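> Here you go, one structure.
Residue numbers (UniProt numbering): 1 to 437.
Spelled out as structure tokens, the structure:
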């Protein structure tokens with residue numbers, strides 16, 4: 001039932017054990033995962049580090065030249081009062097085209113920009129300002145940001161191994177992203193995340209992605225629920241806490257909580273800030289962006305043949321023939337490729353701690369029916385519903401009630417906090433909940 005983006009892998013990080021084909025048609029897919037909890041008969045992917053949509057390396061490109069990188073900004077160039085969006089490209093290089101400006105496409109673009117001489121262009125059908133302000137149902141902005149491989153009780157196996165390895169890579173990854181975003185200077189500022197409450201702290205540390213490595217992740221248990229009857233793998237380093245011990249960690253938990261599993265090595269990140277910082281890092285490395293249907297950023301169709309992408313048709317009538325096409329548009333991938341991906345709608349909301357008030361929670365909570373993720377800026381993210389097969393983008397009374405009632409059952413004192421924001425995100429999902437490669 002829960003959706004949370006949990007991180008990123010670059011294309012070079014994938015284990016060969018995850019390679020497979022679907023009907024012998026798509027042989028070179030890069031892994032794509034999305035974190036969602038089991039509901040009824042659904043199997044789940046679990047927490048960890050996942051892409052939010054498949055990416056297809058259709059053909060490798062040959063000798064190319066890197067786009068120019070930005071220089072380190074001065075203090076004056078780093079804080080423009082009214083940053084302008086990047087100019088609309090008049091031409092698109094033929095090297096690499098990436099469809100989708102979410103975490104999957106961005107992480108791939110940044111990896112290629114750092115390790116190759118490719119000219120890279122990212123296409124996305126949504127306006128830049130709408131994305132930066134969070135007016136989107138894309139999974140990257142909707143995710144709660146848990147870096148918790150055991151949050152959804154995965155069995156021992158290669159997927160769990162991948163999640164654990166990815167989580168352990170995360171500290172170095174976010175440090176690199178923040179550093180490159182900082183160096184993007186004025187070029188990167190159009191991509192800066194705009195907090196819904198105008199938080200001044202965002203201006204003091206604009207490219208901080210909200211990575212929290214302390215406190216770990218706690219799975220509270222009520223008598224007889226799935227958490228109480230679950231035994232994590234011995235390799236998880238999980239610690240079972242009894243009723244008294246679990247309240248030493250989180251005193252505000254409901255009195256009926258009988259204990260919980262504590263995973264001290266887990267972490268969290270602010271997925272929205274990470275997405276924006278990745279975009280700035282990419283533009284600083286010379287990646288070209290084309291965002292918005294009116295700019296031609298919306299891809300209408302792909303011409304496929306012989307296992308290759310021959311043409312990319314844009315909304316403004318242009319037809320591209322790039323050497324490499326990477327499709328990373330999440331739940332909308334079936335519009336372009338014959339892959340079995342469907343959206344799973346998730347409704348979530350956030351609360352806001354009052355200024356200068358001690359936090360109610362110190363770590364991520366993930367119970368049977370809810371997750372609660374405190375953020376470094378005082379937000380508390382709560383989610384989420386799982387509604388299969390719909391692109392509906394509206395928050396509903398029933399969906400919001402589901403999230404609120406489960407959260408208050410776990411932490412009653414949340415009832416006094418103001419609701420800051422509600423939103424919907426779409427999780428790209430395969431029939432067996434596994435990756436497409």
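Quick reminder that beta carbons are idealized off the backbone N, C-alpha and C, glycines included. Source: prediction; values computed, not measured.
1. What ranges does the beta strand (DSSP E) occupy inside the stretch 257-293, keeping only unbroken runs of at least 3 residues that lie completely in it?
2. For my contact list, residue 340 and residue 431 are in at a C-beta cut-off of 8 Å; report their separation, rounded to the angstrom.
3. From the DSSP secondary-structure annotation, give me the bridge partner or partners of residue 371.
4. Could you tell me the alpha carbon to alpha carbon distance between residue 185 and residue 278, rounded to whole angstroms?
5. CB residue 303 to CB residue 293, shorter than 7 Å?
6. So, residue 433 versus residue 390, is the Cβ gap smaller than 7 Å?
7. Can you find at least 3 beta carbon pairs, one from the stretch 317-324 and one from the stretch 385-405, that sit closer than 8 Å?
8. Does the beta-carbon of residue 43 have 16 or more other beta-carbons within 10 angstroms, so that it is buried, or is it exposed?
9. Assuming residue 265 and residue 352 make a contact with CB atoms under 8 Å, what is their CB distance in whole Å?
10. For residue 287, which residues from the same chain have a beta carbon less than 8 Å from its beta carbon, with the 5 sequence-adjacent residues on both sides left out?
11. Taking only three categories from DSSP, how would you classify residue 177?
12. For the candidate residues 280, 259, 98 and 125, whose alpha-carbon lies nearest to that of residue 245?
13. Taking one C-beta from the stretch 359-366 and one from the stretch 239-254 each time, how about it: are there three or more such pairs within less than 8 Å?
14. Helix, strand or coil, according to DSSP, for residue 45 in the structure here?
15. What are the boundary residues of the alpha helix (DSSP H) that includes residue 107?
16. Under DSSP, the alpha helix (DSSP H) around residue 247 begins and ends at which residues?
17. In angstroms, rounded to a whole number, what distance separates the CA positions of residue 399 and residue 348?
18. By Cβ distance, which residues of its chain are closer than 6 Å to residue 382, with the 5 residues on each side in sequence left out?
19. Once the 5 residues before and after residue 238 are set aside, which same chain residues still bring their CB inside 6 Å of it?
20. Got a sec, what are the start and stop residues for the beta strand (DSSP E) residue 344 sits in?
21. Beta carbon of residue 181, beta carbon of residue 281: below 7 Å?
22. So what's residue 30 in DSSP terms, helix, strand or just coil?
23. Could you give the first and the last residue of the continuous alpha helix (DSSP H) run that contains residue 142?
24. According to the neighbour-count rule (16 or more other Cβ atoms, all chains shown, within 10 Å of its Cβ), is residue 242 buried or exposed?
25. Rounded to a whole number of angstroms, what is the C-alpha to C-alpha distance between residue 427 and residue 152?
26. Measuring alpha carbon to alpha carbon, tell me which residue in 276, 423 and 97 is nearest residue 207.
27. Near residue 418, what residues of its chain come up, given a Cβ to Cβ distance below 6 Å and the 5 sequence neighbours on each side ignored?
28. Less than 7 Å between the C-beta atoms of residue 92 and residue 320, yes or no?
29. List the endpoints of the continuous beta strand (DSSP E) containing residue 122.
30. Which class does residue 152 belong to by DSSP, given the choice of helix, strand or coil?
31. Considering Cα atoms alone, identify which of 388, 368, 102 and 308 is closest to residue 220.
32. Residue 429 to residue 331, Cα distance in whole Å?
33. Using DSSP with H/G/I as helix, E/B as strand and the rest coil, what is residue 190?
34. Verify whether the separation of the beta carbon atoms of residue 125 and residue 298 is less than 7 Å.
35. Taking the straight line between their C-alpha atoms, what separation do you get for residue 410 and residue 107?
Here's the rundown:
1. Runs of the beta strand (DSSP E) inside the stretch 257-293: 257-263 and 288-291.
2. On the chain shown, position 340 is the one that residue 340 refers to. On the chain shown, position 431 is the one that residue 431 refers to. About 5 Å; that satisfies the 8 Å criterion.
3. Here residue 371 corresponds to residue number 371 of the chain shown, with the count starting at 1. Paired residue(s): 366 and 383.
4. For the purposes of this step, residue 185 is identified with residue 185 of the chain shown, where counting begins at 1. For the purposes of this step, residue 278 is identified with residue 278 of the chain shown, where counting begins at 1. C-alpha separation (whole angstroms): 13 Å.
5. Here residue 303 refers to the residue found at position 303 of the chain shown. Here residue 293 refers to the residue found at position 293 of the chain shown. Between residue 303 and residue 293, the C-beta spacing is not below 7 Å.
6. Here residue 433 refers to the residue found at position 433 when the chain shown is read from its first residue. Here residue 390 refers to the residue found at position 390 when the chain shown is read from its first residue. Not a contact, by the Cβ cut-off of 7 Å.
7. no
8. Position 43 of the chain shown holds residue 43. Unreliable placement is indicated for residue 43, whose pLDDT of 30 sits below 50; the coordinate value is still reported in the next sentence. Answer is exposed; the Cβ neighbour count stays below 16.
9. Start at 1 with the first residue of the chain shown, and residue 265 comes out as number 265. Start at 1 with the first residue of the chain shown, and residue 352 comes out as number 352. Going by Cβ atoms, the distance from residue 265 to residue 352 rounds to 28 Å, so no, they are not a contact pair.
10. As a first step, residue 287 is located in the chain shown; it is residue number 287 there, counting from the start. Once the five neighbours on either side are set aside, the close Cβ partners of residue 287 are 67, 109, 110, 113, 120, 121 and 122.
11. Taking the first residue of the chain shown as 1, we reach residue 177 at position 177. Note: residue 177 maps to helix in three-state DSSP.
12. Within the chain shown, numbered from 1, the residue matching residue 245 stands at position 245. Comparing Cα positions, the closest option is 259.
13. yes
14. Position 45 of the chain shown, counted from the first residue, corresponds to residue 45. Confidence at residue 45 is low in this model, with a pLDDT of 28, below 50, so the placement of that residue is unreliable and no value is reported for it.
15. Position 107 of the chain shown, counted from the first residue, corresponds to residue 107. Segment 103-115, the alpha helix (DSSP H) holding residue 107.
16. Numbered from its first residue, the chain shown carries residue 247 at position 247. Residue range 243-249 is occupied by the alpha helix (DSSP H) that includes residue 247.
17. Here residue 399 refers to the residue found at position 399 of the chain shown. Here residue 348 refers to the residue found at position 348 of the chain shown. So the alpha carbons of these two residues sit roughly 8 Å apart.
18. Here residue 382 is taken as the residue at index 382 of the chain shown, counted from 1. For residue 382, same chain residues with a beta-carbon under 6 Å away, outside a window of 5 residues either side, are 349, 372, 403 and 407 in chain order.
19. Locating residue 238 in the chain shown gives position 238, counting from the first residue. 232, 261 and 263.
20. As a working mapping, residue 344 is identified with position 344 in the chain shown. Unbroken beta strand (DSSP E) run through residue 344: 342-352.
21. Looking up residue 181 in the chain shown gives position 181. Looking up residue 281 in the chain shown gives position 281. Contact: yes.
22. Position 30 of the chain shown, counted from the start, is the residue given in the question as residue 30. Low local confidence applies: a pLDDT of 33 at residue 30 is under 50, so the model's placement there is unreliable, with the coordinate-based value given in what follows. Residue 30 falls in the strand class under three-state DSSP.
23. Within the chain shown, residue 142 is the residue found at index 142, counting from 1. It spans 139-142 - the alpha helix (DSSP H) in which residue 142 sits, taken as one unbroken run.
24. Your numbering for residue 242 matches position 242 in the chain shown. The residue is exposed, with fewer than 16 neighbouring Cβ atoms inside 10 Å.
25. Working through the chain shown from its first residue, we reach residue 427 at position 427. Working through the chain shown from its first residue, we reach residue 152 at position 152. For residue 427 and residue 152, the distance between alpha carbons rounds to 15 Å.
26. Here residue 207 corresponds to residue number 207 of the chain shown, with the count starting at 1. For the residues 276, 423 and 97, the minimum Cα distance to residue 207 belongs to 276.
27. Working through the chain shown from its first residue, we reach residue 418 at position 418. Excluding residues within five positions, the ones whose Cβ falls inside 6 Å are 352.
28. Here residue 92 corresponds to residue number 92 of the chain shown, with the count starting at 1. Here residue 320 corresponds to residue number 320 of the chain shown, with the count starting at 1. In contact: residue 92 and residue 320 (Cβ atoms closer than 7 Å).
29. For the purposes of this step, residue 122 is taken as residue 122 along the chain shown, with counting starting at 1. 120-124 is the span of the beta strand (DSSP E), which, as asked, contains residue 122.
30. Along the chain shown, read from residue 1 onward, the residue named residue 152 stands at position 152. In this structure, residue 152 counts as coil in the three-state DSSP scheme.
31. Position 220 of the chain shown, counted from the start, is the residue given in the question as residue 220. For residue 220, the nearest C-alpha among the options comes from 368.
32. Position 429 of the chain shown holds residue 429. Position 331 of the chain shown holds residue 331. Their backbone Cα atoms lie some 7 Å apart in a straight line.
33. On the chain shown, residue 190 is found 190 positions in, with the first residue counted as 1. It is helical.
34. The residue given as residue 125 occupies position 125 in the chain shown. The residue given as residue 298 occupies position 298 in the chain shown. Contact flag set, yes.
35. As a first step, residue 410 is located in the chain shown; it is residue number 410 there, counting from the start. As a first step, residue 107 is located in the chain shown; it is residue number 107 there, counting from the start. Going by the C-alpha atoms only, they are around 35 Å apart.
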